[in-house]
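I have placed the structure first, in the form of structure tokens, so that the comments after it can refer back to it.
4 protein chains.
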Amino acid sequence: MYKKKFIYHFRVRYVESDQMGFVHHSNYATYFEFGRIEWLRSVGLSYATLEKQGILLPVLSLSTEFKRPFHFDDEVRLEICVDGDPTVFIDFSYELYNVENVLCTTAKTRLGFVDGKTRKLMRCPEIFMEALNR
Amino acid sequence: MYKKKFIYHFRVRYVESDQMGFVHHSNYATYFEFGRIEWLRSVGLSYATLEKQGILLPVLSLSTEFKRPFHFDDEVRLEICVDGDPTVFIDFSYELYNVENVLCTTAKTRLGFVDGKTRKLMRCPEIFMEALNR
Amino acid sequence: MYKKKFIYHFRVRYVESDQMGFVHHSNYATYFEFGRIEWLRSVGLSYATLEKQGILLPVLSLSTEFKRPFHFDDEVRLEICVDGDPTVFIDFSYELYNVENVLCTTAKTRLGFVDGKTRKLMRCPEIFMEALNR
Amino acid sequence: MYKKKFIYHFRVRYVESDQMGFVHHSNYATYFEFGRIEWLRSVGLSYATLEKQGILLPVLSLSTEFKRPFHFDDEVRLEICVDGDPTVFIDFSYELYNVENVLCTTAKTRLGFVDGKTRKLMRCPEIFMEALNR
Chain A
212 MYKKKFIYHF RVRYVESDQM GFVHHSNYAT YFEFGRIEWL RSVGLSYATL EKQGILLPVL
272 SLSTEFKRPF HFDDEVRLEI CVDGDPTVFI DFSYELYNVE NVLCTTAKTR LGFVDGKTRK
332 LMRCPEIFME ALNR
Chain B
212 MYKKKFIYHF RVRYVESDQM GFVHHSNYAT YFEFGRIEWL RSVGLSYATL EKQGILLPVL
272 SLSTEFKRPF HFDDEVRLEI CVDGDPTVFI DFSYELYNVE NVLCTTAKTR LGFVDGKTRK
332 LMRCPEIFME ALNR
Chain C
212 MYKKKFIYHF RVRYVESDQM GFVHHSNYAT YFEFGRIEWL RSVGLSYATL EKQGILLPVL
272 SLSTEFKRPF HFDDEVRLEI CVDGDPTVFI DFSYELYNVE NVLCTTAKTR LGFVDGKTRK
332 LMRCPEIFME ALNR
Chain D
212 MYKKKFIYHF RVRYVESDQM GFVHHSNYAT YFEFGRIEWL RSVGLSYATL EKQGILLPVL
272 SLSTEFKRPF HFDDEVRLEI CVDGDPTVFI DFSYELYNVE NVLCTTAKTR LGFVDGKTRK
332 LMRCPEIFME ALNR
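Residue numbers (my numbering), protein chains in the order written: chain A, 212 to 345; chain B, 212 to 345; chain C, 212 to 345; chain D, 212 to 345.
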């Protein structure tokens, strides 16, 4: 079973702040997304290439707990894990930490492997499994 | 117990599409948000005014199931319910339907009543309870 | 020459605010966009359908003057005009007014008619000219 | 006169793509923004701190020429210059290049130095001029 944790650092952008002075909660979905894309790159896969090869990975469910807000210019550490073995789905969990190492956000997503032509679910492709087990 | 359902119609904007041709999933959080704000207006409350009065309502948790995608220019029907009685929290559930009346998305959020000065949780304010029971 | 002015009303969304308390300037491009799309609908054209027919209308240039900020929940009146006759380009100008009828923002865009297959510029299609002159 | 060019590299995010397969044009304003913020950091200034000190820098005008589109996952090189000496305004110009070193986008912005309390224009603050001349 794939267990490695991937860590990605980024900084909160101004446009992501709202008038409460917090990161608007709609931005977290994109944080998880670019974390996943960099995780893929780290195991040797380009999501851009996957899509060109007809492998889409839409998000099927997302749940997020916002424990503490982030603010503009905060440095964020995103930790991503793959939960269990991919089937037609792949599950990820996410933790966001601030610079004081406080856990501020947790999340889980389920993505589906979708055939770009038929737009139907398909099993996790070989190249994906190989990359996970490399 | 507050039981009324609020219905809000909107159309998917171009900027919300992604290269898969679907609405990018990060937009749903904002759909739920402007639905809540129009629901508030429908019970006689302005969220803009609430914030000026020092009552903030940040989102503390959000979970979403994406059953079927929406696409640019789709007409969407958003149905919002308040789940249970507000405490220091207020819980909402959401359903998004397409024009064929197919349920495409379901979601739940928990928001907290936060004092704008202390930035701490507080009980649901009177004006809010009154609006709900009106 | 096409001269009609199209007027579109909308309200500023919470997510569009930033920590300055203003509408973040990146949102105006999307305001102009959904104004254009509703203008198209008003002359009998669906941009969604145009794209399916292989007619793309990417924005080639955009200039905006931000004279006064908008804020969350503001009601905005957007006035759009087509400037001159469409060629391979179509030029629009935009004015945004607040509820006190103060002109807060002006903008101009140039869009290009692009063939969806070749991805090259093409002349303004007949159905478009007919819609303008209807 | 301040002449240095600041260079910032970033990658296009998935959420920034639209159904044309291009970066949606509304994202460029945010590209210029985080470029400016990193430029400020490079001359020793934190925009987050400036705002806390009551110095706001809203965008007053923005014009952009989109010569060639960017796509998801593209690596982008952003070059920023300060144009002329800051007064109550500061002017920037921007160039975006792809990995083949092709100039894809050019832009200009005017920002105003605004007093956070009075919300009125003020002269470019000393700490800002010093940072520029360091």
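We put the CB at the ideal spot given by N, CA and C, even for glycine. Quick caveat: nothing in here was measured; it's all calculated off a predicted structure.
Asked	Found
Buried or exposed: where does arginine 330(D) fall if 16 or more other Cβ atoms within 10 Å of its Cβ makes it buried?	exposed
Apart from the five residues just before and just after arginine 222(B), which ones in its own chain have a Cβ nearer than 8 Å to its Cβ?	Asp284, Asp285, Glu286 and Val287
Restricting to runs no shorter than 3 residues, where is the beta strand (DSSP E) found entirely within the region 289-331 of chain C?	300-308 and 314-323
Might you give, ordered along the chain, the residues of its own chain that have their beta carbon closer than 6 Å to the beta carbon of serine 304(C), omitting 5 neighbours on each side?	Cys292, Asp294 and Lys319
Relative to the C-alpha of asparagine 238(A), which residue among His282(A), Gly327(A) and Pro269(A) is closest?	His282(A)
Could you tell me which residues DSSP pairs with lysine 216(A) in its beta bridges?	Cys292(A)
Would you kindly report the start and end of the unbroken beta strand (DSSP E) that includes serine 272(C)?	270-277
Could you give the distance in angstroms between the alpha-carbon of glutamate 157(C) and the alpha-carbon of aspartate 326(A)?	Residue 157(C) lies beyond the residue range present for chain C, which begins at 212 and ends at 345; the question has no answer from this structure.
Would you mind telling me which residues of chain A sit closer than 9 Å to valine 310(D), beta carbon to beta carbon, in chain order?	Within 9 Å Cβ-Cβ: nothing; valine 310(D) doesn't reach chain A, min ~13 Å.
Could you tell me whether the Cβ of phenylalanine 283(C) comes closer than 8 Å to any Cβ of chain B?	yes
Using the DSSP secondary-structure output, state which residues sit across from leucine 251(B) in a beta bridge.	Answer is none; leucine 251(B) lacks a bridge partner.
Going by beta-carbon coordinates alone, are glycine 232(B) and glutamine 230(D) separated by less than 8 Å?	yes
Return the CA-CA distance between serine 274(A) and isoleucine 218(A), expressed in angstroms with no decimal places.	20 Å
Name the one or two DSSP bridge partners that glutamate 337(D) has.	Bridge partners of glutamate 337(D): none, in fact.
Among all the DSSP beta bridges, which residues are the ones paired with valine 287(D)?	Phe221(D)
Mind checking the region 221-252 of chain C against chain B and listing, in chain order, the residues whose C-beta falls within less than 7 Å of any C-beta there?	Arg224, Tyr225, Val226, Thr241, Glu244, Phe245 and Ile248
What residue does the alpha helix (DSSP H) around leucine 256(D) start on, and which one ends it?	Careful: leucine 256(D) lies outside any alpha helix (DSSP H) and carries neither H nor E.
Please tell me whether alanine 259(A) has its Cβ less than 8 Å away from any Cβ of chain D.	yes
Is any beta-carbon of chain D found at less than 8 Å from that of histidine 304(C)?	Strictly speaking, residue 304(C) in this sequence is serine, with histidine absent from that position. It does not; no Cβ of chain D falls within 8 Å.
What is the C-beta distance between valine 270(D) and histidine 236(C), in whole angstroms, given that I count them as a contact (C-beta under 8 Å)?	5 Å
Could you pull out every residue in the same chain whose Cβ sits closer than 7 Å to the Cβ of leucine 267(D), ignoring the five residues on either side in sequence?	Val325 and Gly327
Can you find a C-beta in chain A that's less than 8 Å from the C-beta of phenylalanine 339(B)?	no
What separation, rounded to the nearest whole angstrom, lies between the Cα atoms of glutamate 276(A) and methionine 340(D)?	43 Å
How many whole angstroms separate the CB atoms of valine 254(A) and leucine 322(A), which I take to be in contact at a CB cut-off of 8 Å?	About 15 Å; that fails the 8 Å criterion.
In the DSSP assignment, what residue or residues form a beta bridge with valine 226(A)?	None, per the DSSP bridge assignment.
Applying a beta-carbon distance threshold of less than 8 Å, which residues of chain C neighbour leucine 267(D)?	Met231
Is the CB of leucine 273(D) under 8 Å away from at least one CB in chain C?	yes
Beta-carbon within less than 6 Å of serine 402(B)'s beta-carbon, same chain only, minus the 5 sequence neighbours each way: which residues are those?	With chain B covering 212 to 345 only, the question about residue 402(B) has no answer from this structure.
Are arginine 279(D) and cysteine 315(D) close, meaning C-beta to C-beta below 8 Å?	yes
Which residues in the same chain as methionine 333(B) place their Cβ atom closer than 6 Å to its Cβ, once the five residues preceding and following it in sequence are excluded?	Phe324 and Asp326
Does the distance from the CB of glutamate 290(D) to the CB of lysine 216(D) come in under 8 Å?	yes
If we ignore side chains and look at the alpha-carbon of each, how far apart do glutamate 249(B) and threonine 241(C) end up?	21 Å
Nearest-angstrom Cα distance between leucine 251(C) and leucine 307(C)?	18 Å
Taking all protein chains shown into account, decide if serine 272(C) is buried (16 or more other Cβ within 10 angstroms of its Cβ) or exposed.	buried
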